Structures are given as structure tokens and as C-alpha cells.
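From first to last, the protein sequence lines stand for chains A and B. Numbered according to the working numbering, the first sequence spans residues 4 to 158. Numbered according to the working numbering, the second sequence spans residues 335 to 511. We treat Cβ as the ideally placed atom computed from N, Cα and C, and that holds for glycine. Since the model is a prediction, treat every value here as computed from it, not as a measurement. Encoded as C-alpha cells, the structure appears first; notes follow it.
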Amino acid sequence: MNLLLALFRIGLGGTFLYAAGTKLPDMAAFAETLANYRLVPPSLVPVAAAAVIGVELALGLLLVTGRLARGAALVATGLLAVFTLGLSQALLRGIDLRCGCFGGNESATWLTVLRDAGMLAVALALLLRGPGRLLPRRSAAASEPDRAPSAATEG
Amino acid sequence: MRTLAEAALIVAAGALLGLAGNVASPRPAALARPVHSAAESGTGMCAVAGAAPAARAPRIAVEEAKGLCDACKAGFADARGASEFAAGHVTNAVHLPPAGHPDEAVAVAALRAFPLVIVYDGDYTCALADEVAHRLKREGLPDVRVLEGAWPAWVAAGGAGASGFCPACHDPAEAHR
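Rendered as C-alpha cells:
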């Protein structure tokens, strides 16, 4: 289970890094896409766009490295929930727009919502079950005498 | 509680990282300039699915439009976004700012000098040119037609083209509106 969680964490982090990397060269285009969702007042759109990309970048780095992983999972959960709800409300209102997920001109569809929902489930799992670990913990017998019960290794 | 504190730190640090990244980006978002949705600004987006489509404006074939362009007997209105206009447009075409923009009257006045105005957008299937054509008709322009095949057909037919931002949006940041 720990290995699976760790793989999920690295996969999710890599996806965030890729998403931020595709948007960084053209942040103006992402601001235009964000404006089309009509969730943010026009005056705040450019700042929100820059902030979203920065948060994605930070989440990617933290999830891949496993640093502050619980906090990163919480932020990822919130961000993905907003993405999923934003996409859903736009599709339900019949707004034809670009997803903006990975730069480019990918249209937003219900498949996009499904993908975001899958990532949201992964983020929730990381938040609730912890970041996992790639390598098994040293044997309890060997380490127990030296380790206090509260010496958590997460984050 | 600790997780919440971590999350707040990540959001704050991420936002700062994003603002720094914006400075370094080749195409940064203009932070001081509001960005309106394409539907609000009247540029850059094809349609709202399910919404009533704009009535089809009269069409004009590319070959006929080319002849009128070469003879300077028609005005051309570009219905696309400013960045697309800057990348390439019909020579002497007027880039229409969003409805209500301070420069809108100047752009419409420039088109009023022509007996015929040809509107084009970037996508053959896009209804945007139809919407703009109706907007110009409401402004009182007598003969407004939509270019068949839009900008791609114009390019494919070897129509006269130019590039660069329009005078009203010479500031590249305007391209983000």
C-alpha cells in the first residue's frame, strides 16, 4: 500500500509539473482560458492565472520529492476540486471552452472532468492515507529501541 | 492543524513562484490589465454551445474579396483576437476592439468609409464573423458580408496579408484582452 501511495504521489506530482511546464511559456494564454471559465473577476484573472501555475509548480516539486506531502495533498485536493467543479459547471452551462489543463487548445469535455476526478481521488487518498514510501521501512525490531513513537516520517 | 499550516504555506509560496514565473515568461499575463472572457469581449471564442446561433450573414467568396481588396473597394474587419491579428491579417484590415471599448467608434468609422465591409475570423465553422457582421449592421454599415472559408482560405488563396498589432492595441499586452 505504501508503495502504491508513493507511486500515486510521484505520478500526481509529475502531472502537476508537466501542467505547469506547458503553461509557463504562455501565461497570457492561460489567463485568457481562465477568464472563459467566468469564475474569477476579470481584474483578478491575470494574478489568479499566475498563482495557479505557481501553485501547480510547487505542488509538483513537493509531491515528487515527498516534502510537506500532506499539505501538498490538501492543496492538490482543493485545486483539483475547483478544476473539476469549474469544468463541470462550464459544460453544464453549455460553454464551449478550452480546458487549459496542459496548455494548447485541448477542448474541455466530460472526459477531462473524469480525468480531473481521478486525480482528485488520488490527491484525497494521499491526504487521508499519507504519502507512502518507495522503500520499505527499516525493520521495526532493528529501529524500535531508538525511535520515539511520535517520530513520524511523513512530510 | 499542521497540515493546514503547510497548505497555507504552499499556496502562498506557490503564488509568489507563479508571479515570479510570470515575469520570466516569454508571454506573461498583464497583471494590471483585466482579462475578460471571450464571450464578454466579443473576440476570440467561437460560440456558446447550445446558444442560438447568430443568423447567417451574407457571404462573399475569397476570389471576389481578393479583387475588392486589391482595388481597395472593400474594408476588411478582423473578428479574431488581437494576438491572432498581430500574427497575420488581411492587409489594411481593421481589428475590431471589444464592444464598448473606447476605440470601437474609431474602428467602425474607418470601416464606414467603404461601401462594402468584409468580416472574417479564424475558423470556418466559427459563428464569430456572423456575430460581428450583425454588430456592424446594427452600427449602420450598409453592406457587410462574411468571408467564406475565413482567414485560412484567404491565406490558402494567396490573399494580401500583413502582420503586427493594430494601432489601438499596439501594446502587446492588449492582445490578452
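Pick out the complete alpha helix (DSSP H) segments inside the segment 9 to 81 of chain A, 4 residues or longer, and give them in chain order.
-> 30 to 40 and 48 to 68
**Study point:** Boundaries (first-last residue) of the alpha helix (DSSP H) holding Asp404 (chain B)
**Key:** As a first step, residue 404 (chain B) must be located in the second sequence, where it is residue number 70. Unbroken alpha helix (DSSP H) run through Asp404 (chain B): Val396 to Asp404.
Chain A contacts made by the segment 360 to 371 of chain B, where a contact means CB separation under 9 Å: Pro360, Arg361, Pro362, Ala363, Ala364, Leu365, Ala366, Arg367, Pro368, Val369, His370 and Ser371
Closest Cα partner of Glu465 (chain B) within the set B:Ala443, B:Arg414, B:Phe448 and B:Ala494
By 1-based counting over the second sequence, the position of residue 465 (chain B) is 131. Nearest C-alpha to Glu465 (chain B): B:Arg414.
**Prompt:** Over what stretch of residues does the alpha helix (DSSP H) that includes Asp165 (chain A) continue unbroken?
**Reply:** Here chain A covers residues 4 to 158 and nothing more, so residue 165 (chain A) does not appear.
Is there a Cβ from chain A that is less than 8 Å from the Cβ of Val345 (chain B)? Position 11 of the second sequence, counted from the first residue, corresponds to residue 345 (chain B). Yes, Val345 (chain B) lies at the interface with chain A (some Cβ there is under 8 Å from its Cβ).
Item to complete: Work out the CA separation of Leu402 (chain B) and Trp488 (chain B) for me, nearest whole Å.
Response: Sequence index remark: in the second sequence, residue 488 (chain B) carries index 154 (1-based). Sequence index remark: in the second sequence, residue 402 (chain B) carries index 68 (1-based). The straight-line gap from Cα to Cα measures roughly 13 Å.
Q) Between the segment 49 to 58 of chain A and the segment 111 to 120 of chain A, do three or more beta carbon pairs fall short of 8 Å? A) no
Quick one: give me the first and last residue of the alpha helix (DSSP H) that Val466 (chain B) is part of. In the second sequence, residue 466 (chain B) corresponds to position 132, counting from 1. Unbroken alpha helix (DSSP H) run through Val466 (chain B): Leu462 to Arg472.
Exercise. Does DSSP put Phe419 (chain B) in a helix, in a strand, or in coil?
Worked result: Numbered from 1 along the second sequence, position 85 holds the residue referred to as residue 419 (chain B). In this structure, Phe419 (chain B) counts as helix in the three-state DSSP scheme.
Determine the burial state of Gly493 (chain B): buried for a count of at least 16 other Cβ atoms within 10 Å of its Cβ, exposed for fewer. Mapped onto the second sequence, residue 493 (chain B) falls at position 159. With 16 or more Cβ atoms within 10 Å of its Cβ, Gly493 (chain B) is classed as buried.
Quick one: does Val116 (chain A) have its CB under 8 Å from some CB of chain B?
Along the first sequence, read from residue 1 onward, the residue named residue 116 (chain A) stands at position 113. Not one chain B Cβ lies under 8 Å of Val116 (chain A).
Return no unless some Cβ of chain A is closer than 8 Å to the Cβ of Ala349 (chain B). Here residue 349 (chain B) refers to the residue found at position 15 of the second sequence. True, the Cβ-Cβ gap to chain A drops below 8 Å.
Ignore the nearest five residues each way along the sequence and tell me which others in Asn39 (chain A)'s own chain have a CB closer than 6 Å to its CB. Within the first sequence, numbered from 1, the residue matching residue 39 (chain A) stands at position 36. Correct list, in chain order: Leu100.
In whole angstroms, give me the CA-to-CA distance for Ala507 (chain B) and Ala9 (chain A). Residue 507 (chain B) sits at position 173 when you count from the first residue of the second sequence. Residue 9 (chain A) sits at position 6 when you count from the first residue of the first sequence. Only weak support exists for where Ala507 (chain B) lies, its pLDDT of 41 falling under 50; the value from the coordinates is given anyway. If I take the Cα positions, the gap works out to 42 Å.
- Taking a cut of 7 Å between CB atoms, which residues from the segment 391 to 423 of chain B lie near chain A? none
Euclidean distance between Cα positions of Ala420 (chain B) and Phe86 (chain A) | Stepping through the second sequence from its first residue, residue 420 (chain B) is reached at position 86. Stepping through the first sequence from its first residue, residue 86 (chain A) is reached at position 83. Taking the straight line from one Cα to the other gives about 31 Å.
(request) Would you verify that the beta carbon of Met30 (chain A) is, or is not, closer than 8 Å to some beta carbon of chain B? (result) Taking the first sequence and counting its residues from 1, the one referred to as residue 30 (chain A) is at position 27. Yes, Met30 (chain A) counts as interfacial toward chain B.
(message) Within a Cβ cutoff of 7 Å, which residues of the same chain sit near Pro45 (chain A), ignoring the five residues on either side of it in sequence?
(response) By one-based count along the first sequence, residue 45 (chain A) stands at place 42. Excluding residues within five positions, the ones whose Cβ falls inside 7 Å are Ala38.
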